[in-house]
Structures are given as structure tokens and as C-alpha cells.
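Asks: Pasting a structure below so you can have a look.
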Amino acid sequence: MRAFLKKDVLVYWRDRKQNIFSLVIPLILIVVLGLLLPNWIENPTSTLQLKAAMVVHDNEAAGLEQFQSSLKSRGLPDEEAAVLFELAALSPPVSLLNDMLKSDQIVSMVEWVELDEEAALRRLQSGEIQAIVTLPEDFTLHILNKTLLDEGNGAAISLTSDDPSIEVGVLQGIIEGFTQQFNASSAIAHAGTHSAVTLNQEAVLPSIGGVETIEGVRVLTSFQYFTLAVGAMFAMYVAANSANKAITEKREHVFQRILLSGSHPLTYLAGKIVATLMMSLLQLTLVILICHFVLDLFPGYSLEFWLGFSLLMMMMCLIVAALGGLFTAAMFRMNANTANAIIQALLLIIGVIGGNFAPIYILPDAVQQLWEWTPNGLWLSTMIQWIQQESWEAAINGMLGLSAFIIAIIALSVWTFPKRGRI
Amino acid sequence: MLETVELSKSFKGKTVVDGVSLYLDQGESVGLLGPNGAGKSTTISMISSLLAPTHGDVLLRGKSVIKHPQDIRRVLGVVPQEIALYEELSAYENLQFFGRIYKLKKTALESKIQEVLEIVGLRERQKELIKTFSGGMKRRINIAAALLHNPQIVIMDEPTVGIDPQSRNHILDTVRYLNLEKGTTVLYTSHYMEEVEQLCKRMYIMDHGKVIASGTKEELGRILSSEDTILLQLDAYDDAFIEEIRSLDPVRQVERTDQGLKLIIAKQSRVLSSIVQSAERHSVQLINMHVHTPSLEDVFLHLTGRTLRD
Ligand SMILES: Nc1ncnc2c1ncn2[C@@H]1O[C@H](COP(=O)(O)OP(=O)(O)O)[C@@H](O)[C@H]1O
Ligand SMILES: [Mg+2]
Chain D
1 MRAFLKKDVL VYWRDRKQNI FSLVIPLILI VVLGLLLPNW IENPTSTLQL KAAMVVHDNE
61 AAGLEQFQSS LKSRGLPDEE AAVLFELAAL SPPVSLLNDM LKSDQIVSMV EWVELDEEAA
121 LRRLQSGEIQ AIVTLPEDFT LHILNKTLLD EGNGAAISLT SDDPSIEVGV LQGIIEGFTQ
181 QFNASSAIAH AGTHSAVTLN QEAVLPSIGG VETIEGVRVL TSFQYFTLAV GAMFAMYVAA
241 NSANKAITEK REHVFQRILL SGSHPLTYLA GKIVATLMMS LLQLTLVILI CHFVLDLFPG
301 YSLEFWLGFS LLMMMMCLIV AALGGLFTAA MFRMNANTAN AIIQALLLII GVIGGNFAPI
361 YILPDAVQQL WEWTPNGLWL STMIQWIQQE SWEAAINGML GLSAFIIAII ALSVWTFPKR
421 GRI
Chain Y
1001 MLETVELSKS FKGKTVVDGV SLYLDQGESV GLLGPNGAGK STTISMISSL LAPTHGDVLL
1061 RGKSVIKHPQ DIRRVLGVVP QEIALYEELS AYENLQFFGR IYKLKKTALE SKIQEVLEIV
1121 GLRERQKELI KTFSGGMKRR INIAAALLHN PQIVIMDEPT VGIDPQSRNH ILDTVRYLNL
1181 EKGTTVLYTS HYMEEVEQLC KRMYIMDHGK VIASGTKEEL GRILSSEDTI LLQLDAYDDA
1241 FIEEIRSLDP VRQVERTDQG LKLIIAKQSR VLSSIVQSAE RHSVQLINMH VHTPSLEDVF
1301 LHLTGRTLRD
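Below, the structure written as C-alpha cells:
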């Protein structure tokens, strides 16, 4: 085995053109795609389904009335007070939030249930719903005071959840986006009469007692996404490259010479798989490290994060190694050109379905259903979850699925590879 | 030591090797001669247990190789027709790899690598990559790789195709060295008649998948022993002269050539004086006369109607 491994690694190593290609091209692609499609994927919504409750302690009509009377008591000129009230009545914050959260786009992802607070908490604990959005008492009044008059501390929309899932993270993103948008549009509308107001983001999402409130699911940047997606894609091309080296061995009858030595053919295959593993580890690690340092991909992430990240990298390279074995076996089983065409097509298909070429969210639903049924897609999805949540549970689940893929692919390649020592 | 019994191979119904029986005695050097496509390489693949025969068997000391491929693989060194080497590795690294898969121990392998490099005369260039080598040098390393495990039998499949004369001589010397000095049994495949004539005591001639003749060079020559060829270089001859020559009893065939006539005559016939007399009678000037005894090339031509390099 070691002899096979050494020669494969040497042969790879000497292939300068290929090595430069599989290092430089992904780096260029990552930068170009990352810049072209900034933050496309920060709100990956359409595959997700979430049940959430909206608990409203606020009374909008009362809030507006109070706002109106507070304007009077403030002694503002009538004209200005009228303009401000009109503005408030035109876009009362709760209605806007409701319109937003119940819009078609959001409803396709979140199923809303109307509950009082107690019932909502019960269901949250029993797992029937995954999140509660709470609007506190006097929400309307406080928001209007803050945004139109720059008085008080505003009000917080609480997001309560004991489920640190990607979906809840998305919901949080939506609410954050909303408050920013709401604030911005109010500020613009208001610009003529009053100084611009910014809503303090931290004030919007404080934690409340009782059920754990998630601190914040990290947002995935497009550079992170493309580094992983493109890096993994090119790692898979290492597998194709392995198989291509095997064509040479078949065509130039080196393989026959190996058989003549009495070596078991599977030793040869094992050498290929391990060499592919090493080359893909090297390639993927380099791509990701270079991106990390150049683009500052994961600033200040914990040691624990990097541990899980490294384990997942290893899993991807094991997938590549297994694929390398399978492709090599295919080369020996059929005409090299046919095998090559099949390999290229397969990589293209799983690359597209797995989200390696374009973010999975922009692909049709039918394709998205298949996402995690490709090894690379499952890996990408597990990796994204890890980056967002660092949840070992999710990571281990993903790794189990990936292991199943690895075992199945290796079994298939052993089964396909000519074992009788005759070809 | 090694023999094939009625060895046959068909690919998709097309018979490529057809009932080939041959044998190699210990220490012998045997040639396998035939034009391209004759089935030589296919035969070798079957002997070396890389290809399963459609019919027949290969026996190593009486034991079937088909059933026990490991036995022959241990004692056999095969120099394939193609350069079976890693272009991106150096000569040394190639030999190291092939030696290690034969499970040679580190120190034994090291001295063996130097020994075979010495045999093929490329010791000084062992650190260079194969892809920088000339065709002839590649062929020499190709041979060296087959010698690492001290094989008792070496089969070489056209080891001198398309190379420079220096490398070619080196290879021929290597074969002689292996056979004469080291007592290795050699099966040497080629479509160059003169190489086989030089190197091998005995030979098989293959064409269209069949062995069409076999024996020592002399035995094969005797196939043509009933006839000689006479080449006449003539000046100004006419049809009447040709007719008279044709009417001579021992003359079997007359052909015109660029410079005169080619006659096929019965062996040892005393026809030369009659030819000279006829020439005088017809005032034909006889410039030169050459009696040609048959070469293996002629044997092949005789047997197949084609030359080896067709
Ligand atoms: N795997 C194969 N499939 C089909 N035909 C083959 C195969 N291998 C060899 N042949 C055919 O068998 C014939 C003999 O080939 P080969 O043994 O290589 O001849 P030689 O070595 O004498 O030149 C050729 O016509 C070749 O095309
Ligand atoms: Mg051949």
C-alpha cells in the first residue's frame, strides 16, 4: 500500500499545471462570485418551513390615540402635529410589521398561529411551534415616540425560541431587516420635519426571561458560502483527476505490470483512495486557508468552531477520496472516454444540485429537494449550519449521513473494480 | 519449463490467436516472429496470465497457469510492448515502485535497482524523469523494470520498436547477457527477422493468429530447400531468350526484373552452364549472376505471400 501511495502522491505532485489550476482557479472563482453576488444567500428562505406564534400585547388604536394626545400636550404647533400624526396613522408600526410577516414571501416559509402568551409558551415548550414573536405593551406608542420624536428608548420586538435552528435564525434576520427598513422609511418620510432617527438594533431584540432566547444565529456571508462551495467543487475535481491518472496506467499498461507483480488489485485501489484523500485535503485546506486570510472569512471564531470545521473538512475529503476510488474503478470497467464523459457529467450534476455552482436558494424547488441527497450538498448544508450555529448535534447528524455516503461509494468502487487480477 | 497447449483467444467472435502450441526449455532463447497483428502480444498476455484464453492452457512445469496465476507471476518478467512506466517519475523512482510491489526488501531492492540500471546502461541518468528520456532510453528502463525480481523467464514484446541504433544494440546485448551469462530463459518477440536470427536458437513464426512454422534457423531454411533463386543481370535480351530459358528443365519460374531476370530453379540443378550457353547463342550479354539461398524473410514470404513488414 505504501508503495502505491508514494507513487500516486509523487505523480500528483509533479503535475504542476494541474496543481496550479486546482488552486488558482477556485481562488479566482471565489473572489469573483463573492463580489458579484454579495449577500445573496444571507437570507436563505425558501426551503424552510417554520411554525411561529405572534403575541401582540399592544393595542394599535390606543397607541395612536395616546400618540396624538402626547403631541398635543407637548405643545407643538398644530400644523406640525397634524403632519406627524398623519405620518403615524399612515404607517402604524404594527400594521407594517403584520403586512411584512404575512406577505406571501414570508408565509411560504413561516406558518403563523395567533395565540395568547401563555398558550404560545406552552406550545413552544412542547415543540408544536418553534418561535414566538412578541410585541410588548405600548409598542406602537414607544416606536412612534422614538422614530418620529426621538423620545424614549423605543420598544423591543422579542423573538423567543428554544430551538437554535437555521429557520429561527432566518426569522430573526427578517425581523431585523424589517425594523431597519421601517426605521429607514420613517426616517426618510420624516426627513423634512425632524432629524433622522436610527433605531438601536440591540434595543429591538433583547432577551426576555423564561425560555432561552437565542443570542443570534450568525449570518453566512457570500464569501464564506462560495469558499466552501467552490472549494468543495474543486476538491471533487481532484477525484476526477485521480481517475485520469488511472487512464494512463491502464493505457500504458502500467496496471498490467502491477498485476504481474502479484499485488492484489485492491491494494492499488486503496492507494488511489488514500492519495486522493491526501491531495484533496491539501487542496481544500490551502484554498480555505488562503481565502480565510485574504478575505478574513471567519474572524474571531472559537477554537471549538475550528475543531468542528476541520472535522467537516476531513469528511469532505473522504467523500472526494471515495469518489476517486469510484471513478478509478469506472476507468477500468469501461472505455476511458465514456468513463470520463460520465464522470464529468456526474460532477456537473451533483455540483449544481449540491449548490456548488450557485446558491441552492436560487434553484427550482425540485432541485432543492435533492440538495441533501448529494454528498456535497449534504456537506455544504452541514457546514453552513455549523458556521451559523456551532451545534454539535446538527454537525454529528450531518457527519453520520456523510459517513453513509462514504461507505456506500467505497463499497461501490470495490465492487466495480476488476478484482480477479485479469483485465 | 513453460508451454502453451492449443492456446486460442477470440474477441467478440473474431479469433485472434488460434491454437498456438509452443514451448520454452530452461535456459533457451526462443524467438516469436510475426507481422503486426499476428497475435503475438495477445499470446504473451495469455502466457503471463493477464488474459484468460478462450481455449487451451498454459503450463508452467506441467502446472496450469490459468488456475494458479501467482506461480508464474513470481518467476516471470514481462517487458510489455508499450512503455509501462510513470512518465512523471524518475527512472529510479519507477524502479523503486515496481521493486516494492514485488515486495523486495529495502537494501536488496537498492542494490538490485543499481544492478539492473547497470545492465541497461542508464545508471548515470537514474535521477532524471522518464518523460525527459529518448524512446530508446525509455525502452531500456522498461526492460530494467521487468528484471528487478530476478525472473527465471523473461518475455520481451517487441522491445526494439522505433528506437535509435545505439539503444537497440544495447537491448540486444542485454538479451544476450541475460540468456548467456545469467541463464535466463528468454522469449523474444519481434517483427525484425535479423534480431531473432541473431539472438535465438529456435523460433516460432506467427501469422493471423497461427504458428505457421517453427524450428531452428536451419530447419526453417530447409522449408525452401527444394528451390534456389538466381538473379541474372542482362543487357539487351529478347523474348526468344526468355522462352529458351523457360524451356530449360530445372527452371520453374521466370520473372522480369529491372535489370534482367529472376529464375526460380530446382535446388542443386546444374543449370548454370546451360544459361550461359543460351546467352551466347542469343548474343545476350551476361553482366552478373547471383545465386540466392533463402533467408527467414524468404521463408515468411514463401509461407504467407507477404513480407514481414507489410
Ligand atoms: N482487447 C482486444 N479486443 C479486440 N481485438 C483485439 C484485442 N487485443 C488485440 N486485438 C486484435 O488482435 C489482433 C492481434 O493483436 P496483437 O496480439 O497485439 O498482435 P501483435 O502483437 O502480433 O502485433 C489484432 O488484430 C488486434 O486488433
Ligand atoms: Mg504486439
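Chains as they are written, first to last, in the numbering used here: chain D, 1 to 423; chain Y, 1001 to 1310. Where a beta carbon is used, it is the ideal one built from N, C-alpha and C, also for glycine.
1. Is it the case that the Cβ atoms of Ile-1119(Y) and Ala-1145(Y) are separated by a distance below 8 Å?
2. Please give me, in chain order, every unbroken run of the beta strand (DSSP E) with length at least 3 that falls completely inside the segment 1218-1304 of chain Y.
3. Do you know offhand how far Ala-53(D)'s Cα is from Asn-244(D)'s?
4. Could one say the Cβ of Ala-1084(Y) lies closer than 8 Å to chain D's Cβ atoms, at least one of them?
5. Could you tell me if Leu-1180(Y) is buried or exposed, where buried requires 16 or more neighbouring beta carbons within 10 angstroms of its beta carbon?
6. Can you give me the C-alpha to C-alpha distance between Val-320(D) and Thr-338(D), rounded to a whole angstrom?
7. Under 8 Å Cβ-Cβ, which residues of chain D neighbour Pro-1080(Y)?
8. Could you pull the start and end residues of the beta strand (DSSP E) that Leu-1188(Y) belongs to?
9. Can you pull the chain Y neighbours of Ala-3(D), defined as C-beta to C-beta under 7 Å?
10. In chain D, what lies closer than 7 Å to Ser-1247(Y) by C-beta?
11. Can you grab the Cα-Cα spacing for the pair Val-1251(Y) / Thr-1229(Y), in whole Å?
12. Can you tell which of Val-1078(Y), Arg-1202(Y) and Val-1186(Y) has the C-alpha that lies nearest to the C-alpha of Met-1193(Y)?
13. Decide yes or no for the touch test of the segment 1066-1078 of chain Y against the segment 1152-1161 of chain Y: beta carbon pairs closer than 8 Å, at least 3 of them.
14. Please say whether Glu-1088(Y) and Arg-479(D) have beta carbons closer to each other than 8 Å?
15. Compare the C-beta of Arg-14(D) against all C-beta atoms of chain Y and say whether one is closer than 8 Å.
16. Quick check on the DSSP output: what are the complete alpha helix (DSSP H) runs of length 4 or more inside the segment 1134-1168 of chain Y, in order along the chain?
17. Rounded to whole angstroms, what's the CA-CA distance from Lys-1014(Y) to Pro-364(D)? Just pull it up for me.
18. Which residues mark the beginning and the end of the alpha helix (DSSP H) in which His-1055(Y) is found?
19. Does any heavy atom of ligand 1 sit closer than 7 Å to the C-beta of Val-1016(Y)?
20. Is the shortest distance between the beta-carbon of Leu-282(D) and the beta-carbons of chain Y less than 8 Å?
21. Suppose the cutoff is 6 Å on Cβ atoms and the five residues either side in sequence are ignored; what does the same chain contact list for Arg-123(D) look like?
22. If Leu-1263(Y) and Leu-1232(Y) are in contact, beta carbons under 8 Å, what's the gap, nearest whole angstrom?
23. Name, going along the chain, the residues of the segment 259-283 of chain D whose beta-carbon falls closer than 7 Å to a beta-carbon of chain Y.
24. With H, G and I counted as helix, E and B as strand and the rest as coil, what does DSSP make of Ala-191(D)?
25. Does Ile-1061(Y) come within less than 8 Å of chain D when only Cβ atoms are used?
26. So does the segment 58-74 of chain D actually touch the segment 133-148 of chain D, counting three or more Cβ pairs closer than 8 Å?
27. Taking the continuous alpha helix (DSSP H) assigned at Gly-324(D), which residues delimit it?
28. For Tyr-1086(Y), report the span of its alpha helix (DSSP H) as first-last.
29. At a threshold of 7 Å, does Gly-1039(Y) count as lining ligand 1 (C-beta to nearest heavy atom)?
30. Which class does Tyr-1102(Y) belong to by DSSP, given the choice of helix, strand or coil?
31. Give me the Cα-Cα distance between Val-1299(Y) and Leu-323(D), rounded to the nearest whole angstrom.
32. So is the beta-carbon of Glu-252(D) under 7 Å away from any non-hydrogen atom of ligand 2?
33. With three or more beta-carbon pairs closer than 8 Å as the criterion, would you say the segment 377-384 of chain D touches the segment 396-409 of chain D?
34. If you measure from the beta carbon of Arg-1222(Y) to each beta carbon in chain D, is any gap under 8 Å?
35. Give me, in chain order, the residues of the same chain whose beta-carbon lies closer than 7 Å to that of Leu-23(D); leave out the 5 immediate sequence neighbours on both sides.
36. Could you give the distance in angstroms between the alpha-carbon of Phe-139(D) and the alpha-carbon of Glu-114(D)?
Replies: By the coordinates alone:
1. Your numbering for residue 1119(Y) matches position 119 in the second sequence. Your numbering for residue 1145(Y) matches position 145 in the second sequence. Not a contact, by the Cβ cut-off of 8 Å.
2. 1227-1235, 1251-1256, 1260-1266 and 1285-1292
3. Taking the first sequence and counting its residues from 1, the one referred to as residue 53(D) is at position 53. Taking the first sequence and counting its residues from 1, the one referred to as residue 244(D) is at position 244. Rounded to whole angstroms, Ala-53(D) to Asn-244(D) spans 55 Å at the Cα level.
4. Here residue 1084(Y) corresponds to residue number 84 of the second sequence, with the count starting at 1. With 8 Å as the cut-off, Ala-1084(Y) counts as an interface residue toward chain D.
5. On the second sequence, residue 1180(Y) is found 180 positions in, with the first residue counted as 1. Leu-1180(Y) comes out exposed.
6. Here residue 320(D) corresponds to residue number 320 of the first sequence, with the count starting at 1. Here residue 338(D) corresponds to residue number 338 of the first sequence, with the count starting at 1. Roughly 21 Å between the two C-alpha positions.
7. Translated into positions along the second sequence, residue 1080(Y) becomes position 80. Here the neighbours are His-253, Gln-256 and Arg-257.
8. Locating residue 1188(Y) in the second sequence gives position 188, where the first residue counts as 1. Per the sequence presented here, residue 1188(Y) reads as Tyr, with Leu not at that position. Where Tyr-1188(Y) is concerned, the enclosing beta strand (DSSP E) stretches over 1185-1190.
9. Along the first sequence, read from residue 1 onward, the residue named residue 3(D) stands at position 3. Simply Phe-1097, Arg-1100 and Ile-1101.
10. Here residue 1247(Y) refers to the residue found at position 247 when the second sequence is read from its first residue. By Cβ distance, chain D contributes nothing, its closest Cβ being about 59 Å from Ser-1247(Y), past 7 Å.
11. Here residue 1251(Y) corresponds to residue number 251 of the second sequence, with the count starting at 1. Here residue 1229(Y) corresponds to residue number 229 of the second sequence, with the count starting at 1. For Val-1251(Y) and Thr-1229(Y), the distance between alpha carbons rounds to 10 Å.
12. In the second sequence, residue 1193(Y) corresponds to position 193, counting from 1. If we check each option's Cα against that of Met-1193(Y), Arg-1202(Y) comes out closest.
13. Yes, the segment 1066-1078 of chain Y touches the segment 1152-1161 of chain Y.
14. Look at the range of chain D in this structure, 1 to 423, and you will see that residue 479(D) is not part of it.
15. Here residue 14(D) is taken as the residue at index 14 of the first sequence, counted from 1. Yes, Arg-14(D) counts as interfacial toward chain Y.
16. 1135-1145
17. Residue numbering aside, residue 1014(Y) sits at position 14 when the second sequence is read from its first letter. Residue numbering aside, residue 364(D) sits at position 364 when the first sequence is read from its first letter. Rounded to the nearest angstrom, the two C-alpha atoms are 51 Å apart.
18. Within the second sequence, residue 1055(Y) is the residue found at index 55, counting from 1. Not the alpha helix (DSSP H): His-1055(Y) falls in the beta strand (DSSP E), residues 1055-1060.
19. Taking the first residue of the second sequence as 1, we reach residue 1016(Y) at position 16. Yes - ligand 1 has a heavy atom lying nearer than 7 Å to the Cβ of Val-1016(Y).
20. Counting from 1 along the first sequence, the entry for residue 282(D) is found at position 282. Output row for Leu-282(D): interface = no.
21. On the first sequence, residue 123(D) is found 123 positions in, with the first residue counted as 1. Only Ile-129 meet the Cβ criterion.
22. Within the second sequence, numbered from 1, the residue matching residue 1263(Y) stands at position 263. Within the second sequence, numbered from 1, the residue matching residue 1232(Y) stands at position 232. Between Leu-1232(Y) and Leu-1263(Y) the Cβ distance is about 7 Å, and since that is below 8 Å, they are a contact.
23. Leu-259, Leu-260, Ser-261, Gly-262 and Ser-263
24. For the purposes of this step, residue 191(D) is taken as residue 191 along the first sequence, with counting starting at 1. A caution first: Ala-191(D) carries a pLDDT of 34, below 50, which makes its placement in the model unreliable, though a value can still be read off. It is coil, neither helix nor strand.
25. Start at 1 with the first residue of the second sequence, and residue 1061(Y) comes out as number 61. Checking the displayed sequence, the identity of residue 1061(Y) turns out to be Arg instead of Ile. Chain D, which has no Cβ nearer than 8 Å to the Cβ of Arg-1061(Y), makes this no.
26. yes
27. Indexing the first sequence from 1 puts residue 324(D) at position 324. Start and end: 303-333.
28. As a first step, residue 1086(Y) is located in the second sequence; it is residue number 86 there, counting from the start. From DSSP, Tyr-1086(Y) is part of no alpha helix (DSSP H); its letter is neither H nor E.
29. Along the second sequence, one-based indexing puts residue 1039(Y) at 39. Annotation for Gly-1039(Y) indicates a beta carbon within 7 Å of some heavy atom of ligand 1.
30. The residue labelled residue 1102(Y) in the question sits at position 102 within the second sequence. It is coil, neither helix nor strand.
31. Numbered from 1 along the second sequence, position 299 holds the residue referred to as residue 1299(Y). Numbered from 1 along the first sequence, position 323 holds the residue referred to as residue 323(D). Each residue's alpha carbon lies about 55 Å from the other.
32. Your numbering for residue 252(D) matches position 252 in the first sequence. The answer is no for Glu-252(D).
33. Pairwise C-beta distances place the segment 377-384 of chain D in contact with the segment 396-409 of chain D, as three or more of them are shorter than 8 Å.
34. As a first step, residue 1222(Y) is located in the second sequence; it is residue number 222 there, counting from the start. No - not a single Cβ of chain D is within 8 Å of the one on Arg-1222(Y).
35. Here residue 23(D) refers to the residue found at position 23 when the first sequence is read from its first residue. Only Gln-283, Leu-286 and Val-287 meet the Cβ criterion.
36. Numbered from its first residue, the first sequence carries residue 139(D) at position 139. Numbered from its first residue, the first sequence carries residue 114(D) at position 114. Each residue's Cα considered, the two are about 18 Å apart.
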